[in-house]
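This note's numbering numbers the first residue of the sequence shown as 1 and each following residue consecutively. The beta-carbon is built from N, C-alpha and C at its ideal position, and this holds for glycine as well. Worksheet: the structure to be examined is printed underneath.
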Amino acid sequence: MFDQSLSVKNFRIIYELDRKNNGRIEKDYFPVAFQQRLKIRNLKKIVKNLGFRYKKKLVSKEYFEIRRERANKLIELRKEVLNNEVNKILTDVVKTVSAKGYSLPLTKSDQLIRGKEVFSIGKDIETIFVSRHVQMVLSSLYKVKINNRDMIISRLSTIVKDSSPKYIIRADVESFYESIDHKDLLDILHSSPKLSVTPRRILTQLIRVYAKISDKSKGLPRGVGISAYLSEVYMGNVDEEINSLPDVTYYERYVDDLIAIFSPTRNEHLADYLPSIGRIISKKKLQLNDKTKELDLFNQRSNNFEYLGYHFRVENGSCTIKLSRKKKDKLKERINQSFNYFHKEHKGTPRAAFRNLLLRIRLLTGNTRLLNSKSNAFVGIYFSNKFINDTSDLVALDNFLEHKLNSLPNSKHRNRIKKMSFVQGFENKIFRKFDMKELSLVSKGWNNG
């Protein structure tokens with residue numbers, strides 16, 4: 001069994017992983033170490049430049065070796081300062097989280113998101129290391145894998161294009177996070193001989209604090225990263241059972257959205273598929289909601305469904321993929337909000353109002369990289385919708401944007417924004433850079449919609 005303790009060694013692993021993935025832990029919580037890191041990088045540049053100058057015979061061998069040795073000694077000294085600083089802070093963190101009674105500081109937000117209560121465990125250094133450590137433990141012990149949306153859509157688009165007869169069930173679990181039974185989840189965690197005392201205690205306390213705050217014996221706190229891992233632990237045998245159903249050739253679940261594709265051998269089998277999935281889900285005290293859809297491509301030649309932001313139209317052995325209705329409406333709403341915000345600002349600060357509108361439309365119609373995210377992901381009209389093969393929705397969005405331009409009082413402003421296009425942003429993968437201040441301003445203009 002691997003070490004699951006809250007130790008400097010384990011926290012150092014988290015620290016190095018975050019740094020490797022261009023995270024912000026070092027910069028935000030280890031400022032002295034971060035400054036040493038910058039100085040080390042500069043010294044390495046100096047050594048590299050020295051080597052270049054020596055190869056070009058711009059400096060003597062003696063000068064090169066003396067300066068290189070001096071720089072390398074300074075690099076080692078700064079590495080020592082950096083490591084001592086990191087270990088000093090991590091030692092203090094371990095002391096805090098190892099104290100009797102420590103628990104993750106769960107709080108409930110005053111605002112609802114999409115009608116659901118949202119929670120937070122804050123962003124202090126202790127919380128970050130403990131929560132990430134527990135996530136790593138759960139991921140390792142229970143083989144938890146947070147599915148990749150793009151990978152699912154890539155596989156699904158290939159399978160549905162296959163002209164062989166199939167029966168598709170597209171379903172959502174009703175109020176998924178809010179319906180996970182505490183007793184059953186705790187039984188899973190407490191019955192595992194692999195899960196050590198420390199992470200089990202932290203998880204048990206988190207669930208109990210949530211139960212006290214929400215006054216419920218069911219549910220996981222939305223907005224807390226650990227909840228995603230706990231939900232996967234809870235659903236582990238569900239996925240295995242559905243995958244083992246007769247005639248299943250493909251099955252995926254993305255949080256509470258599941259899709260199962262059957263290759264029927266006989267017509268009378270079709271009626272058993274959905275009830276079988278329902279029975280497996282109900283054993284977990286969960287149920288499917290009314291968005292569940294069955295597509296009979298065994299007896300019919302065409303049908304359509306939506307999954308993870310895409311609309312699939314299967315017809316005569318081909319598959320057309322467009323934006324889902326929800327995603328299309330979301331983009332329209334963001335265009336509306338951008339113009340509404342412009343008209344509010346225009347009365348007092350017309351130049352700033354247009355600058356901000358331009359910024360929002362540039363982001364909507366283009367692509368960028370989220371440098372402050374864990375994965376440094378590329379997002380935008382192409383990277384967030386890369387599997388569509390029918391751009392008619394994007395044409396409609398361009399037309400909608402052009403209609404909104406009529407409300408701008410300045411013709412130069414209209415012409416400037418008119419050059420921007422959802423279709424071009426998608427087809428040409430247009431990339432635009434934005435800093436954190438600009439992205440923050442944009443989200444304010446969209447009311448987090």
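- In this structure T107 is exposed. Its beta-carbon is surrounded by fewer than 16 other beta-carbon atoms within 10 angstroms.
- E306 and L274 have their C-alpha atoms some 17 Å from each other.
- For T198, the uninterrupted alpha helix (DSSP H) segment begins and ends at 197 to 214.
- Runs of alpha helix (DSSP H) with 4 or more residues, each lying fully within the stretch 204 to 269, are found at 225 to 243, listed in chain order.
- Shown here for T292: same chain residues with a beta carbon closer than 6 Å to its own, the five before and five after excluded, namely A171 in chain order.
- Rounded to whole angstroms, V238 and K285 show a C-alpha spacing of 12 Å.
- Each residue's CA atom was taken as its position, placing L82 and K145 some 33 Å apart.
- In the three-state scheme derived from DSSP, where H, G and I count as helix and E and B as strand, N148 is classed as coil.
- As for any alpha helix (DSSP H) of minimum length 4 sitting wholly inside the stretch 312 to 389, the runs are 325 to 346, 350 to 365, ordered along the chain.
- Non-local C-beta neighbours of S140 in its own chain, meaning closer than 8 Å and more than five positions away in sequence, comprise F2, ordered along the chain.
- Between the stretch 198 to 210 and the stretch 310 to 320 there are fewer than three inter-stretch CB-CB distances shorter than 8 Å, so the stretches are not counted as touching.
- In this structure, I242 keeps its C-beta atom at 8 Å or more from the C-beta atom of Y250.
- The three-state reading of DSSP puts Q424 in helix, counting H, G and I together.
- 8 Å or more divides the Cβ of I152 from the Cβ of L364.
- The alpha carbon of Q300 has as its nearest neighbour, out of G278, S324, K166, K143, the alpha carbon of K166.
- Annotation: E174 is outside any alpha helix (DSSP H) and is labelled neither H nor E by DSSP.
- According to DSSP, L297 shares a beta bridge with K166.
- A distance of 8 Å or more separates the beta carbons of N367 and F387.
- The continuous alpha helix (DSSP H) containing I14 extends over residues 8 to 20.
- Under the 10 Å beta carbon count, Q36 is surrounded by 16 or more other beta carbons and is classified as buried.
- Taking the Cβ atoms as the reference, V118 lies roughly 16 Å from S131, outside the contact range of under 8 Å.
- By the Cβ neighbour-count rule, Y210 is buried, with 16 or more other Cβ atoms within 10 Å of its own.
- Counting the other Cβ atoms within 10 Å of the Cβ of E232 gives 16 or more, which makes it buried.
- Within the DSSP secondary-structure output, L288 pairs in a beta bridge with V173.
- In this chain, the beta strand (DSSP E) harbouring K108 covers 107 to 113.
- Secondary structure at F2: coil, using DSSP grouped into helix, strand and coil.
- Per DSSP, the continuous beta strand (DSSP E) segment holding S302 begins and ends at 302 to 307.
- Within the stretch 68 to 113, the runs of beta strand (DSSP E) that reach at least 3 residues and sit entirely inside it are, in chain order, 107 to 113.
- With contacts defined as CB atoms closer than 8 Å, F422 and K332 fail to qualify as a contacting pair.
- Under the three-state reduction of DSSP output, D435 falls in the coil class, being neither helix nor strand.
- Using a Cβ distance threshold of 8 Å, I168 and L297 count as a contacting pair.
- Sorting Y63, Y177, K216, F342 by C-alpha distance to the C-alpha of P409 places F342 at the top.
- At the C-beta level, G219 and S179 come within 8 Å of one another.
- For Y229, same chain residues with a beta-carbon under 6 Å away, outside a window of 5 residues either side, are Q135, L138, V144 in chain order.
- Secondary-structure assignment with DSSP links S60 through no beta bridge to anything.
- By the neighbour-count criterion, in which 16 or more other beta carbons inside 10 Å mark a residue as buried, A33 falls on the buried side.
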